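**Q** Before I ask anything, let me first share the structure, which is written out below as structure tokens.
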Amino acid sequence: MKKLHLISLLSAIILYSCKSEFSQFNEEALLFANDMRIDQKEYEKLVEHFKTSDEKGFQTFKTLDGKIDNAKVASYLLKYFTAKKLTLTPADIWQPETTIARGEKFNINVFLENSASIDGYVGDNSSFKTTIFKLLTDLKNFPSADSLNLNYINTKPIPIKVSASRDDIDDFYKRLNPADFKSAGGMRGSTDIEKMLKLLLDKSNERNLSVFISDCVFSPGDKDAKKYLDGQYASIYNDFTSAKNANPDLSIIVLQCTARFEGTYFDYFDLPHQNINTERPYYIWFIGNSIQIKNLVDYKIFNLIKNGYRNKMVIQAIRTVNQPNFKILYRPRIGEFDSKSLAQGIISGATPSEENQTKGLFGFNIAVDFSQSLQDVNYFLDTTNYELSDEKYSLKVEAITDNNNAALTGFTHVLKLQTKELNDETIRIDIVGKAPSWVYASTSLNDTRIESDDSEKQKTFGFKYLVDGVCDAYYPKSKSNTVTSISITINK
Amino acid sequence: MKEFFASLYEWFGVIPLYSRDMGDQLRGWDITCTDYIATPWYVYIGWIMIILTGFIYALQYHIIDNSRLNKKMHWWLFALLIVALNFLIAFTIPFNTLQASDYCNQLNLSVSDCIGFGLSNAVWSLILFVIISTPPLIRRFSTNCRLTTFWKP
Numbered sequence: 487m488k489k490l491h492l493i494s495l496l497s498a499i500i501l502y503s504c505k506s507e508f509s510q511f512n513e514e515a516l517l518f519a520n521d522m523r524i525d526q527k528e529y530e531k532l533v534e535h536f537k538t539s540d541e542k543g544f545q546t547f548k549t550l551d552g553k554i555d556n557a558k559v560a561s562y563l564l565k566y567f568t569a570k571k572l573t574l575t576p577a578d579i580w581q582p583e584t585t586i587a588r589g590e591k592f593n594i595n596v597f598l599e600n601s602a603s604i605d606g607y608v609g610d611n612s613s614f615k616t617t618i619f620k621l622l623t624d625l626k627n628f629p630s631a632d633s634l635n636l637n638y639i640n641t642k643p644i645p646i647k648v649s650a651s652r653d654d655i656d657d658f659y660k661r662l663n664p665a666d667f668k669s670a671g672g673m674r675g676s677t678d679i680e681k682m683l684k685l686l687l688d689k690s691n692e693r694n695l696s697v698f699i700s701d702c703v704f705s706p707g708d709k710d711a712k713k714y715l716d717g718q719y720a721s722i723y724n725d726f727t728s729a730k731n732a733n734p735d736l737s738i739i740v741l742q743c744t745a746r747f748e749g750t751y752f753d754y755f756d757l758p759h760q761n762i763n764t765e766r767p768y769y770i771w772f773i774g775n776s777i778q779i780k781n782l783v784d785y786k787i788f789n790l791i792k793n794g795y796r797n798k799m800v801i802q803a804i805r806t807v808n809q810p811n812f813k814i815l816y817r818p819r820i821g822e823f824d825s826k827s828l829a830q831g832i833i834s835g836a837t838p839s840e841e842n843q844t845k846g847l848f849g850f851n852i853a854v855d856f857s858q859s860l861q862d863v864n865y866f867l868d869t870t871n872y873e874l875s876d877e878k879y880s881l882k883v884e885a886i887t888d889n890n891n892a893a894l895t896g897f898t899h900v901l902k903l904q905t906k907e908l909n910d911e912t913i914r915i916d917i918v919g920k921a922p923s924w925v926y927a928s929t930s931l932n933d934t935r936i937e938s939d940d941s942e943k944q945k946t947f948g949f950k951y952l953v954d955g956v957c958d959a960y961y962p963k964s965k966s967n968t969v970t971s972i973s974i975t976i977n978k
Numbered sequence: 658m659k660e661f662f663a664s665l666y667e668w669f670g671v672i673p674l675y676s677r678d679m680g681d682q683l684r685g686w687d688i689t690c691t692d693y694i695a696t697p698w699y700v701y702i703g704w705i706m707i708i709l710t711g712f713i714y715a716l717q718y719h720i721i722d723n724s725r726l727n728k729k730m731h732w733w734l735f736a737l738l739i740v741a742l743n744f745l746i747a748f749t750i751p752f753n754t755l756q757a758s759d760y761c762n763q764l765n766l767s768v769s770d771c772i773g774f775g776l777s778n779a780v781w782s783l784i785l786f787v788i789i790s791t792p793p794l795i796r797r798f799s800t801n802c803r804l805t806t807f808w809k810p
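Same order as they appear, the protein sequences are chains A and B. Per my numbering, the first sequence starts with residue 487, numbered consecutively. Per my numbering, the second sequence starts with residue 658, numbered consecutively.
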């Protein structure tokens, strides 16, 4: 009988201990998250599991040199809590302080174009003025800002306030009107964007970030418009190539915003069109080095812009090809494959579909996290910005909107790949640097019918020549210009 | 070890009694659908099956070891107990996971998968019981059951 008791006890212990250490970690995390937060003590207790166990589950949260990657731990916990229907945010999980190179403080030099073409934006009903006022206030509060210097610009910069105080910003806001623009001086009759950009480039360095606010409408005047735009393109290309060579770290963010335009619009012949009253695009350029730009992004300065922005473009020199965090999704899939090496980016045992509707097709989805990129999220939705190493594959991209799906938590986009010819291969998905498609959709080549053509009201004359000049300097057509790359191995 | 038990339970891919998704769940595909980092149930349930079968074998042949329980009918009664318990364990664990939705939401799991895995475990436990009770090597240490097998006496 004693023997029976002993064996029963041993069996009970064995059965009870049938829980992996990783499962115990999960359960403990869940218990800690009952109060909807993981505090420092709880986080440190959870991390203790990593030190005592060599289970595979814990290994995935370590760096190559065996150190705990806290970002990965927090990311996993968020996914796990989502799966368990607990809505914790990254802020709810305590994280050890990390030292990030923030760089030194720098001056922010704002240049507002005061050409006559801007007059229509500064009417009484325009949101332009309040957007600029709010932006300047946010820049003033920006922790990395040393001093905020306010300027008008047309043929040359016109300093208005050096090291502007809050009162100066208020005063600048009140002076946003055609009369004050006029009294500030300069050649207001025409707009030479290339010259303005060159001035800004000359003034942008590790101590100075430039912010340029303009409608970016070229004014060829009586010149041949095509020749003029080609000339502007070439000059801008030259300016940015030189600037990039001098400062390889130079980065640019362009926001397309809209505001009510009330007044006279000057077309590309410089002919006035009176009483235009419509929403019109204008642009805010941020020109600085990558740390300055990253600081702005981290401060979420673009999200603070009043009335938001319609489009964003990021132009940066390609130094290394980024490899974003991604995972091959278990489902949906077309055909079948083995999931054993999915976490390593390997699809094995791939076979095409046998189902009637998809017979012969093979497809899989990849969830990718592009949130670390400075580029606009919409850039990653445009399949023309992707290049596949195997053209037999087709690609569709969707943004992830379901925040409650644990399988997709921590990812921003889903890439859907499909082919009719399944082969053993490593397929490379490259995201290339180029001008985004909204630039071309926003470009006008003839703005003389702005009163009658509603689509013209939303466009900017010659805008693509301006952006192409910048982009071609950064992303020469002779190079592959791969900014981000993902590789997936497929074995039959 | 995980792949050893997986191969057994999936009958070497020849006649799987449950879906591929259930196989991945039992391998330890985690709730965030990322990797095989959750509990590797194949290993645990495999060991439970071996220990439980071994224990019940020991119960009949060496612990109870009673002359009134040494007929082939008794062997089959103990076999029934082994099969039932192993089916129950292998069915209950994934069934509870299924009921609690405590698995990757991209897996398509059903009750029939749980039944299939339960059956698979039950059949392997029966095979194991046959294997350990058929050769006289171990049962010769039994006083009253050393001649008991599934076909005699």
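Glycine included, each C-beta is placed from N, C-alpha and C at the ideal position. Here the structure is a predicted model, which is why all the values come from computation and not from measurement.
Around the Cβ of B/R796, are there at least 16 other Cβ atoms within 10 angstroms (buried) or fewer (exposed)?
**A** Using a 10 angstroms sphere on the CB of B/R796, the tally of other CB atoms reaches 16 or more, which defines it as buried.
**Q** Taking C-beta to C-beta, are A/I722 and A/G831 nearer than 9 Å?
**A** no
**Q** Hey, is A/T568's beta-carbon within less than 9 Å of any beta-carbon in chain B?
**A** Nearest CB-CB separation between A/T568 and chain B: below the 9 Å threshold.
**Q** Check whether the region 952-969 of chain A and the region 780-789 of chain A touch, using three or more Cβ-Cβ pairs below 8 Å as the test.
**A** no
**Q** Can you pull out the residues from the region 540-552 of chain A whose beta carbon lies closer than 9 Å to at least one beta carbon of chain B?
**A** E541, K542, G543, F544, Q545 and T546
**Q** Hey, B/W704 and B/N743: beta-carbon distance below 9 Å or not?
**A** no
**Q** Mind listing which residues of the region 789-820 of chain A have their C-beta closer than 7 Å to chain B's C-betas, in chain order?
**A** Residues K813, L815, Y816 and R817.
**Q** DSSP on A/Q545, reduced to helix/strand/coil?
**A** helix
**Q** For A/A665 and A/V703, I'd like the C-alpha separation in whole angstroms.
**A** Roughly 21 Å separates the two Cα atoms.
**Q** What's the C-alpha gap between A/I655 and A/L622?
**A** 7 Å
**Q** Going by beta carbon distance, what residues of the same chain come within less than 6 Å of A/L715, once the five residues before and after it are set aside?
**A** Counting only Cβ-Cβ distances below 6 Å, and skipping sequence neighbours, we find G948 and Y951.
**Q** Name the DSSP bridge partner or partners of A/N637?
**A** A/F597 and A/P645
**Q** Cα separation between A/A959 and A/K730?
**A** Cα to Cα, A/A959 sits roughly 8 Å from A/K730.
**Q** My output table needs one value for A/E983: the three-state DSSP class, helix, strand or coil.
**A** Residue coverage of chain A in this structure runs from 487 to 978, which leaves residue 983 of chain A outside it and unanswerable.
**Q** Quick one: what's got a C-beta closer than 8 Å to A/C957's C-beta in the same chain, skipping five residues either side?
**A** I801, G919, K920 and A921
**Q** Relative to the C-alpha of B/Y675, which candidate in B/I702, B/C771 and B/I746 has its C-alpha closest?
**A** B/C771
**Q** Is there at least one Cβ from chain B nearer than 9 Å to A/K967's Cβ?
**A** This sequence places Asn at residue 967 of chain A; Lys is not what is there. Output row for A/N967: interface = no.
**Q** Residue range of the beta strand (DSSP E) that A/F850 falls in?
**A** F848 to D855
**Q** Threshold first: 4 residues or longer. Then list the alpha helix (DSSP H) segments lying entirely within the region 771-821 of chain A, N to C.
**A** 776-784
**Q** Compile a chain-ordered list of the residues in the region 872-895 of chain A whose CB is closer than 8 Å to at least one CB of chain B.
**A** N891, A892, A893 and T895
**Q** DSSP on B/Y675, reduced to helix/strand/coil?
**A** coil
**Q** Is the shortest distance between the beta-carbon of B/P697 and the beta-carbons of chain A less than 9 Å?
**A** yes
**Q** Which runs of the alpha helix (DSSP H), 4 residues or longer, sit entirely within the region 686-772 of chain B?
**A** 698-715 and 729-756
**Q** Give every residue of the same chain whose Cβ lies closer than 7 Å to the Cβ of A/G896, excluding the five residues on either side of it in the sequence, and list them in chain order.
**A** Excluding residues within five positions, the ones whose Cβ falls inside 7 Å are S561, L564, K565 and D855.
**Q** For A/S839, go through chain B and note every residue whose CB falls closer than 8 Å to its CB, in chain order.
**A** What A/S839 touches in chain B: nothing, since even the nearest Cβ is about 15 Å away.
**Q** Can you check which of these residues, A/Q809, A/I618 and A/S613, is closest to A/R746 by C-alpha distance?
**A** A/S613
**Q** Could you work out which residues of chain A lie near B/L764, taking near to mean beta carbons separated by less than 9 Å?
**A** At a C-beta separation below 9 Å, B/L764 has these neighbours in chain A: Y816 and R817.
**Q** Could you tell me which chain A residues have their CB closer than 7 Å to the CB of B/W781, listed as they occur along the chain?
**A** Neighbours of B/W781 on chain A: none; closest Cβ ~17 Å, over 7 Å.
**Q** Looking at chain A, is there any beta carbon in it that lies within less than 9 Å of the beta carbon of B/W686?
**A** yes
**Q** Nearest to A/S923 by alpha carbon, out of A/V953, A/K660 and A/D624?
**A** A/V953
**Q** By the three-class DSSP mapping on this structure, what secondary structure does A/T585 have?
**A** Only weak support exists for where A/T585 lies, its pLDDT of 48 falling under 50; the value from the coordinates is given anyway. Three-state result, A/T585: coil.
**Q** When the Cα of B/N801 is compared with those of B/W808, B/N765, B/K728 and B/A779, which residue comes out closest?
**A** The shortest CA-to-CA distance from B/N801 to any of B/W808, B/N765, B/K728 and B/A779 is the one to B/K728.
**Q** Tell me whether the beta-carbon of A/F536 lies closer than 9 Å to the beta-carbon of A/D525.
**A** Going by C-beta atoms, A/F536 is not nearer than 9 Å to A/D525.
**Q** Give a yes or no on whether the minimum CB-CB distance between B/D692 and chain A is below 9 Å.
**A** At least one chain A Cβ lies under 9 Å of B/D692.
**Q** Does the distance from the C-beta atom of A/D632 to that of A/N663 stay below 9 Å?
**A** no
**Q** In chain B, which residues lie less than 9 Å from A/S509 when you measure between Cβ atoms?
**A** In chain order, A695 and T696 make up the part of chain B whose C-beta sits under 9 Å from the C-beta of A/S509.
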